[in-house]
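Student: So the protein lines, in turn, are chains A and B. Letter by letter, the first sequence follows residues 1 to 159 of the numbering used here. Letter by letter, the second sequence follows residues 160 to 283 of the numbering used here.
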Amino acid sequence: MSITSVNTDYDNLTITVIADFDAAIKRVWDVWSDPRKLQRWWGPPTDPATFQTLELTPGGQATYIMTGPDRVTRGAWQVTAVDPPTSLEFTDIFTDTDGRPIAHMPAITVSVRLTERDRGTRMQLHVKFASREDMDKLISTGIAESLRHTVGQIDGLLA
Amino acid sequence: MVVGELTGDVVDGLFHALADPTRRDILRRCAIGEPSVSRLARAYPMSFAAVQKHVAVLERAGLVTKQRRGREQLVRTDAGAVSHARQALDDLEATWRGRLDRMSALLADSTEPADEDLPIGETG
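(1) Using only the alpha-carbon positions, how far apart do I191 of chain B and A202 of chain B sit?
(2) Going along chain A, which residues have a C-beta under 8 Å from G172 of chain B?
(3) For P45 of chain A, does the count of other Cβ atoms within 10 angstroms reach 16, so buried, or fall short, so exposed?
(4) Going by C-alpha to C-alpha distance, which of A:R113, A:S87 and A:V127 sits closest to D250 of chain B?
(5) Compute the minimum distance between the beta carbon of P58 of chain A and the heavy atoms of the ligand ZN, and state whether it is under 7 Å.
(6) So the beta strand (DSSP E) D52 of chain A belongs to, where does it begin and stop?
(7) Taking Cβ positions, are L248 of chain B and L54 of chain A nearer each other than 8 Å?
(8) Which whole runs of the beta strand (DSSP E) in the segment 178-240 of chain B are 3 residues long or more, in chain order?
(9) So which residues on chain B does V17 of chain A lean against when the C-beta distance must stay under 7 Å?
(10) Taking L56 of chain A as the query, report the chain B residues whose CB atoms sit under 8 Å from its CB, ordered along the chain.
(11) Along the beta strand (DSSP E) that carries R117 of chain A, what are the first and last residues, could you check?
(12) Between the segment 40-73 of chain A and chain B, which residues of the former have CB atoms less than 7 Å from a CB of the latter, in chain order?
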């Protein structure tokens, strides 16, 4: 049904996806812009997403909540550009219960471009860390986590 | 030995080392390449001595090691930092592969709501 190439660039921390769908461009646009369809794929089956708002306008926000068996994740898209039915750009952030960004969590920028191709639609997707600082957060968080893990192991040994 | 290394002072040193944005940036550069101290010094609007000091803080915290090669001192970070960055990117990739699979399934599903009765491009 779809031919997908996924290319992960470890130097620039960018993921590029090309997917071809046997579906008209409007149907592919709808899976991004219709909340009923969006929430059928955004969250994993274990943590399904519910979109509370979906304002696809520049400066608009989409807020969602992903509910899993033992955790709740809140997030928001900050929409930077939109041109239905061909392009959408937003930054995906983690938010607290009041909808405020969580500063120490990295932000991810997502750019979607749809083009008609034969009788179907090609979707090009770029997913990357919003800034160099977000990359730093990731590396520092990784180190801090491994440190906590190590300290935990040491505590276990000393107990 | 390992137990002895992780005293409260060492842990404090690690968090102190990570608290400074220049040192986090040095760490990031060392996670990607293996720059010399002088090359690092050229990247920041501060003196060679100031950059060397930052490197020394990172080194004391065990986050980087220095290795002499010829006349240069090369700085490299703990490989764990790189693998953490890779791991996070791999996780992100897995997240998006899952999303693409579900999106494909949704688009292949012909029993979609009624507004798909006359899909553009499928009626010829």
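Quick reminder that beta carbons are idealized off the backbone N, C-alpha and C, glycines included. Nothing here was measured: the structure is a model prediction, and the numbers come from that model.
Tutor: Quick look at the numbers:
(1) 15 Å
(2) Correct list: empty, because the minimum Cβ distance to chain A is about 11 Å.
(3) exposed
(4) A:V127
(5) Among the components of this structure there are no ligands whatsoever, and the ligand ZN is therefore not found.
(6) Inspection of the sequence shows that residue 52 of chain A is occupied by Gln rather than by Asp. Note, Q52 of chain A: beta strand (DSSP E), A49 to L54.
(7) no
(8) 223-228 and 231-236
(9) W255 and L259
(10) Within 8 Å Cβ-Cβ: nothing; L56 of chain A doesn't reach chain B, min ~17 Å.
(11) I108 to R117
(12) R40, W41, W42 and P44
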